[in-house]
Ligand code: NAD
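Now the structure itself:
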């Protein structure tokens, strides 16, 4: 039987509550679908600091490196606001991204029909929206050197960040975008600022060459990133896959995300390069939201972002595409039936807690196999 190894890192705040709902789905898939998941657990964030004095222990890092995929809940909270910077809760997530070499961040923006009215845009602009933003995650201006504040000695200081990209970094993120587009509607829009940035000129050239060399069956368009931001709120459904750098991707994916309503709905995946021997990619799946300390422990958090992150894991780490589709359909069906957590509550719907939402999704998921 296939063995699939998962490391669960629920983290802090609502992380463990949301992860509990994914555990139910894993248990069902193992017991009744023979999925063969073996799960291990670890600590990350504030809870890891309390236990080990670090945002993630070396032991848990080893487990993450050995697992086929990592499922991450959320980290942080006021309890750890004053801990030293190097061991703050977020350092655990940054360490995972760095050591697993997760260079591709995938943020889908899907608008479930039942939630179209919750968007800040008109329902007809977002209903049925399904776009995927592929953001370069380990390069660009967040990491480029020099990165410093220098004293100019005349009462002035100078803050410096450096936007830097090498050919291989652009090639590999473009490759991920083109490959994903082939599994979707086969279109990629690359966004940069080639009109004012040298790194944008190179980005444009390398994406164009990568396309010509290996992916000419995919439709490629280029857009300046500022125009892209405008088009995302004007007519978001024109896009399929958007590929962009770390900085623009950070902003554009947040814009795209909010088209779909609540933070509690948004999944994400971060992927590394395929292992040359096994072809497997290191991967981490996490909801976009944080630890939501204001509602933690109350049993009212929306588990959909976490469950949809697991659906991405089924699709991208285990190639269980049909199961991923069914899980996403189950989420859509539950929303259609009028069941809602507090964050997405609307008139005429029935408000439920975290566990009840998870149970409803599991029940709908099981029906797909009946
Ligand atoms: P947040 O995402 O935790 O919460 C923002 C608001 O959205 C809150 O009102 C919260 O109740 C609500 N919300 C978020 N997720 C929800 C869900 N699943 N269901 C219902 N409501 C939900 O962001 P924040 O308040 O800015 O940050 C809280 C803590 O989380 C901070 O310590 C921050 O550093 C951390 N954080 C962690 C991550 C991560 O782990 N990846 C991401 C962002 C923030």
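In full-length UniProt numbering, the protein residues as written are 1 to 370.
All C-beta atoms, glycine included, are put in the ideal place defined by N, C-alpha and C.
The structure presented is a predicted model; accordingly, all values stated were derived computationally and were not measured.
DSSP state of residue 240 mapped onto helix, strand, coil: In this structure, residue 240 counts as coil in the three-state DSSP scheme.
Relative to the C-alpha of residue 130, which residue among 139, 142, 106 and 146 is closest? 106
Going by Cα to Cα distance, which pick from 88, 245 and 113 is closest to residue 166? Residue 245 is the option with its Cα nearest to residue 166.
Examine the Cβ distances between the region 137-145 and the region 153-169 and report whether three or more of them are shorter than 8 Å. yes
Residue 319 classed as buried or exposed, judged by whether at least 16 other C-beta atoms fall within 10 angstroms: The residue in question, residue 319, is exposed, as its Cβ has fewer than 16 Cβ neighbours within 10 Å.
Ends of the alpha helix (DSSP H) at residue 207? 198-214
Quick check: the region 114-128 against the region 274-286, are there 3 or more CB pairs under 8 Å? no
Check whether the region 345-362 touches the region 296-303, counting contact only when three or more Cβ pairs, one atom from each stretch, lie closer than 8 Å. Because the criterion of three Cβ pairs below 8 Å is met, the region 345-362 and the region 296-303 touch.
Taking its Cβ as the centre, do 16 or more other Cβ atoms sit within 10 Å of residue 73, making it buried, or is it exposed? buried
Can you tell me whether residue 66 is buried or exposed, with buried defined as 16 or more other CB within 10 angstroms of its CB? In the assembly as shown, residue 66 is an exposed residue. Its beta-carbon has fewer than 16 other beta-carbons within 10 Å.
May I have the straight-line CA-CA distance separating residue 307 from residue 218, to the nearest angstrom? 30 Å
Are residue 296 and residue 14 close, meaning C-beta to C-beta below 8 Å? yes
First through last residue of the alpha helix (DSSP H) which encompasses residue 287: First-last for residue 287: 281-287, but that is the beta strand (DSSP E), not the alpha helix (DSSP H).
Report yes if the CB atom of residue 207 is closer than 8 Å to the CB atom of residue 256, and no otherwise. no
Cβ-heavy atom distance, residue 90 to ligand 1, below 7 Å: yes
What are the residues that DSSP puts in a beta bridge with residue 151? In DSSP, residue 151 forms a bridge with 157.
Taking the alpha helix (DSSP H) that residue 231 belongs to, which residues open and close that run? It spans 225-234 - the alpha helix (DSSP H) in which residue 231 sits, taken as one unbroken run.
Tell me the residue span of the alpha helix (DSSP H) that contains residue 30. 15-33
Tell me which residues share the same chain as residue 236 and place their Cβ nearer than 6 Å to its Cβ, disregarding the 5 neighbours each side in the sequence. 129 and 259
For the 8 Å Cβ check, are there 3 or more pairs between the region 78-90 and the region 195-215? No, the region 78-90 is not in contact with the region 195-215.
Skipping 5 residues on each side, what residues in its chain have a beta carbon closer than 6 Å to that of residue 170? Same-chain partners within the cutoff: 203 and 206.
Tell me which residue opens and which closes the beta strand (DSSP E) that residue 191 is part of. Under the DSSP assignment, residue 191 falls in the beta strand (DSSP E) whose first and last residues are 187-192.
Residue from 42, 267, 11 and 71 with nearest C-alpha to residue 59: 42
Straight-line CA distance for residue 216 to residue 336? For residue 216 and residue 336, the distance between alpha carbons rounds to 39 Å.
Using the Cα positions of residue 137 and residue 102, report the straight-line distance between them to the nearest angstrom. Cα-Cα distance, rounded: 7 Å.
Are residue 224 and residue 190 close, meaning C-beta to C-beta below 8 Å? no
Determine the extent of the beta strand (DSSP E) in which residue 88 is found, giving its start and end residues. Segment: none, residue 88 is in no beta strand (DSSP E) and carries neither H nor E.
Would residue 3 pass as an interface residue toward chain C - the criterion being a Cβ-Cβ separation below 8 Å? This model lacks chain C altogether; it includes just one protein chain.
From which residue to which residue does the beta strand (DSSP E) around residue 70 run? In this chain, the beta strand (DSSP E) harbouring residue 70 covers 69-74.
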